[in-house]
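Following: one structure in structure tokens, then a few remarks.
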Amino acid sequence: MKYIEIHVIYPPTYRKNNDEFYNKIVLNLPYKKNNINSYILCNINCNILYSIRRAAHWVVNLRYFDLFIMLVICMSSITLAAEDPVNEKSEWNEVLKYFDYAFTGVFTIEMVLKVIDLGVIFHPGSYLRDFWNIMDSVVVICAAVSFCFDMMGSSTGENLSTIKSLRVLRVLRPLKTIKRVPKLKAVFDCVVNSLKNVFNILIVYILFQFIFAVIAVQLFNGKFFHCTDISIHVQEECQGEFFEFSANKLQPEIKAREWLKQDFHYDNVAAAMLTLFAVQTGEGWPQILQNSMAATEEDVGPQPHHAIEMSIFYIVYFIVFPFFFVNIFVALIIITFQEQGEAELQDGELDKNQ
1 MKYIEIHVIY
11 PPTYRKNNDE
21 FYNKIVLNLP
31 YKKNNINSYI
41 LCNINCNILY
51 SIRRAAHWVV
61 NLRYFDLFIM
71 LVICMSSITL
81 AAEDPVNEKS
91 EWNEVLKYFD
101 YAFTGVFTIE
111 MVLKVIDLGV
121 IFHPGSYLRD
131 FWNIMDSVVV
141 ICAAVSFCFD
151 MMGSSTGENL
161 STIKSLRVLR
171 VLRPLKTIKR
181 VPKLKAVFDC
191 VVNSLKNVFN
201 ILIVYILFQF
211 IFAVIAVQLF
221 NGKFFHCTDI
231 SIHVQEECQG
241 EFFEFSANKL
251 QPEIKAREWL
261 KQDFHYDNVA
271 AAMLTLFAVQ
281 TGEGWPQILQ
291 NSMAATEEDV
301 GPQPHHAIEM
311 SIFYIVYFIV
321 FPFFFVNIFV
331 ALIIITFQEQ
341 GEAELQDGEL
351 DKNQ
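This is the structure:
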């Protein structure tokens, strides 16, 4: 029985030293005389695949390859910011669309070269075993699908809003720069690891928010109603019509009286948590405070400064949440960031200035 030699080519991620990028293993396999043609064909195909993979590896590891991709990413980000969101059919957007096609082509070629160089997914170090590569592939595929539907014409592409909306994922392209700058990637990893530790304090935050929401429901449930006619303070009297005078009109308008609820109220726990979150942001909370101090009873309209002592509730809430919890979040993130930074500093990925 005769034997043939088959050379197994390792991917670049398996190289054993700096001098040998593609190591080979020789296997002696028996073959029959009538299979010699299959062996020759296999040998030719393997040599072709080897040459293609070696060429892809050479291109991906060129000195200026990453620099070129970074430049394309920056140009793509600029075109995204320059688009006219109001008039989608403007000539300016049509010009930028062709630039986007070119950028999509460049990123597609980059993905194909890396897949050929690293492999797809079946071995360690392959393309789809890296989070950033997965994100890149999703963005490229979605952009390619959108491009295909655009080429199919307006009758098909414009009606598929779901497919067109995939173009929104183009905003993820600037994140490709993080992977290509090692120090920036180390800082990003520090931020992600610090956010993981925020989960425990977030649970405590939600519990306290729930407690304050329950208290607010007990204090203000059903008391944030008012009549559109400010002269009426009782729900039973809020009927019929009234004259509304406007400074811009000489004649008054006749409007129907309605018993309405304030936009932010405390009639249930869910609405109370939303209202308290609005208070915590610091936007528009003085009006909520005024409504709380003017609250009287259920089915009774507001009376200004009726219960000024209700402001104590908001004082305590501001001390606990905007002052206390927000500072805890910031301190926890900073501490975790410093600890991670020290670990990266020991590994040599960061310097002291970072």
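Under my numbering, the first residue of the sequence shown is numbered 1, with each subsequent residue one higher. Where a beta carbon is used, it is the ideal one built from N, C-alpha and C, also for glycine.
Look at the alpha carbon of Gln218 and the alpha carbon of Asn291, and state the distance between them as a whole number of angstroms. As a first step, residue 218 must be located in the sequence shown, where it is residue number 218. As a first step, residue 291 must be located in the sequence shown, where it is residue number 291. Their backbone Cα atoms lie some 15 Å apart in a straight line.
Measuring alpha carbon to alpha carbon, tell me which residue in Gln338, Tyr205, Ile109, Pro124 is nearest Met273. For the purposes of this step, residue 273 is taken as residue 273 along the sequence shown, with counting starting at 1. Ranking Gln338, Tyr205, Ile109, Pro124 by Cα distance to Met273 puts Tyr205 first.
Using beta-carbon positions only, say whether Ser137 and Arg167 come within less than 8 Å of one another. Here residue 137 refers to the residue found at position 137 of the sequence shown. Here residue 167 refers to the residue found at position 167 of the sequence shown. Contact flag unset, no.
Buried or exposed: Ile315, going by 16 or more other Cβ atoms within 10 Å of its Cβ? Along the sequence shown, read from residue 1 onward, the residue named residue 315 stands at position 315. Exposed, by the Cβ-count rule.
Reduced DSSP secondary structure (H/G/I, E/B, other) of Cys190: The residue given as residue 190 occupies position 190 in the sequence shown. Residue state, collapsed to three classes: helix.
Quick check on Cys148: does DSSP put it in helix, strand or coil? Reading the sequence shown from its first residue, position 148 is the one you call residue 148. If DSSP states are grouped into helix, strand and coil, Cys148 belongs with the helices.
State the start and end residues of the unbroken alpha helix (DSSP H) segment that holds Leu219. Here residue 219 corresponds to residue number 219 of the sequence shown, with the count starting at 1. Leu219 -> alpha helix (DSSP H) spans 198 to 220.
Ala256 - containing alpha helix (DSSP H), residue span: By one-based count along the sequence shown, residue 256 stands at place 256. Looking at the DSSP string, Ala256 is not in any alpha helix (DSSP H); the run it does join, the beta strand (DSSP E), is 253 to 256.
Of the residues Phe277, Gly284, Ile312, the one placed nearest Met293, counting alpha carbons only: The residue given as residue 293 occupies position 293 in the sequence shown. When each option's Cα is compared against that of Met293, the closest is Ile312.
With a CB to CB cut of under 7 Å and the five nearest residues on each side skipped, what residues in its chain are close to Ala213? Taking the first residue of the sequence shown as 1, we reach residue 213 at position 213. The residues are Val269, Ala272, Met273, Leu276.
Excluding five sequence neighbours on each side, which residues of the same chain lie with their C-beta closer than 8 Å to the C-beta of Asn93? For the purposes of this step, residue 93 is identified with residue 93 of the sequence shown, where counting begins at 1. Taken in chain order, the residues that qualify are Glu83, Asp84, Asn87.
Alpha-carbon spacing of Tyr127 relative to Ile121, whole angstroms: Start at 1 with the first residue of the sequence shown, and residue 127 comes out as number 127. Start at 1 with the first residue of the sequence shown, and residue 121 comes out as number 121. Their Cα atoms are separated by approximately 6 Å.
Would Tyr266 be called buried (16 or more neighbouring beta carbons within 10 Å of its own) or exposed? Your numbering for residue 266 matches position 266 in the sequence shown. That one is buried.
Is the number of C-beta pairs between the region 192 to 206 and the region 99 to 110 that are closer than 8 Å three or more? no
Which same chain residues, not among the five before or five after Ser76, have their C-beta less than 6 Å away from its C-beta? If you number the sequence shown from 1, residue 76 lands on position 76. Answer for Ser76: Phe103, Arg173, listed in chain order.
For Asp229, which residues from the same chain have a beta carbon less than 6 Å from its beta carbon, with the 5 sequence-adjacent residues on both sides left out? On the sequence shown, residue 229 is found 229 positions in, with the first residue counted as 1. For Asp229, where only same-chain residues beyond five positions count, the Cβ hits under 6 Å are Phe242, Arg257.
Are three or more beta carbon pairs between the region 195 to 203 and the region 326 to 335 nearer than 8 Å? yes
If Leu96 and Thr108 are in contact, beta carbons under 8 Å, what's the gap, nearest whole angstrom? Position 96 of the sequence shown, counted from the start, is the residue given in the question as residue 96. Position 108 of the sequence shown, counted from the start, is the residue given in the question as residue 108. No, Leu96 and Thr108 are not in contact; Cβ-Cβ is about 18 Å, not under 8 Å.
For Pro252, I'd like the list of residues in its chain whose CB is within less than 8 Å of its CB, leaving aside the five on either flank, ordered along the chain. Residue mapping note: residue 252 aligns to position 252 of the sequence shown, counting from 1. Same-chain partners within the cutoff: Phe243, Glu244, Phe245, Ser246.
Under 8 Å Cβ to Cβ from Phe210, same chain only, skipping five residues before and after it: list those, please. To locate residue 210, count along the sequence shown from 1; it is residue 210. The answer, listed in chain order, is Val269, Met273.
So, with DSSP's three-state summary, where would you put Lys33? As a position in the sequence shown, residue 33 is number 33, starting the count at 1. At Lys33, the pLDDT of 41 sits below 50, so the modelled position is not reliable; the number obtained from the coordinates is stated separately. The answer is helix: DSSP assigns Lys33 an H, G or I state.
Around the Cβ of Phe220, are there at least 16 other Cβ atoms within 10 angstroms (buried) or fewer (exposed)? Reading the sequence shown from its first residue, position 220 is the one you call residue 220. That one is buried.
Using the Cβ count rule (16 or more neighbours within 10 Å means buried), how would you classify Glu110? Residue 110 sits at position 110 when you count from the first residue of the sequence shown. So Glu110 counts as buried.
From Leu260 to Ile141, what does the alpha carbon distance come to, in whole angstroms? Within the sequence shown, numbered from 1, the residue matching residue 260 stands at position 260. Within the sequence shown, numbered from 1, the residue matching residue 141 stands at position 141. Taking the straight line joining both Cα atoms gives about 50 Å.
Can you give me the C-alpha to C-alpha distance between Phe264 and Ile288, rounded to a whole angstrom? The residue given as residue 264 occupies position 264 in the sequence shown. The residue given as residue 288 occupies position 288 in the sequence shown. In a straight line, the C-alpha of Phe264 is about 7 Å away from that of Ile288.
Taking the Cβ atom as the reference point for each residue, do Val115 and Phe208 lie within a distance shorter than 8 Å? The sequence position of residue 115 within the sequence shown is 115, counting from 1. The sequence position of residue 208 within the sequence shown is 208, counting from 1. No; because the gap between Cβ atoms is not below 8 Å, this pair is not in contact.
What does a CB cutoff of less than 7 Å around Ser51 pick up in its chain, not counting 5 residues either side in sequence? What you label residue 51 is simply residue 51 of the sequence shown in a count that begins at 1. Here the set comprises nothing.
Endpoints, the beta strand (DSSP E) within which Lys223 is located: Position 223 of the sequence shown, counted from the start, is the residue given in the question as residue 223. No beta strand (DSSP E) holds Lys223; DSSP gives it neither H nor E.
The alpha helix (DSSP H) with Leu71 in it runs from where to where? What you label residue 71 is simply residue 71 of the sequence shown in a count that begins at 1. Looking at the DSSP string, the run of the alpha helix (DSSP H) that includes Leu71 is 65 to 82.
Going along the chain, which residues of its own chain have a beta-carbon closer than 8 Å to the beta-carbon of Arg180, five neighbours each way excluded? Locating residue 180 in the sequence shown gives position 180, where the first residue counts as 1. Cβ neighbours of Arg180 beyond the five flanking positions: Asp66, Ile69, Met70.
Beta-carbon proximity check, Gly301 vs Ile232, cutoff 8 Å: On the sequence shown, position 301 is the one that residue 301 refers to. On the sequence shown, position 232 is the one that residue 232 refers to. In this structure, Ile232 lies closer than 8 Å to Gly301 by Cβ.
In chain order, what residues of the same chain have a beta carbon less than 8 Å from the beta carbon of Ala216, not counting five sequence neighbours either side? By one-based count along the sequence shown, residue 216 stands at place 216. Contacts found: Tyr266, Ala272, Thr275, Leu276, Phe313.
According to the Cβ coordinates, are Lys185 and Ala295 closer than 8 Å? Against the sequence shown, residue 185 aligns to sequence position 185. Against the sequence shown, residue 295 aligns to sequence position 295. Contact flag unset, no.
Spatial distance of Ala307 from Val279 (CA atoms): Mapped onto the sequence shown, residue 307 falls at position 307. Mapped onto the sequence shown, residue 279 falls at position 279. The straight-line gap from Cα to Cα measures roughly 19 Å.
Only counting the same chain, and skipping five residues up and downstream in sequence, which positions put a Cβ closer than 6 Å to that of Cys42? Mapped onto the sequence shown, residue 42 falls at position 42. No answer about Cys42 holds up, because its pLDDT of 49 lies below 50 and its placement is not dependable.
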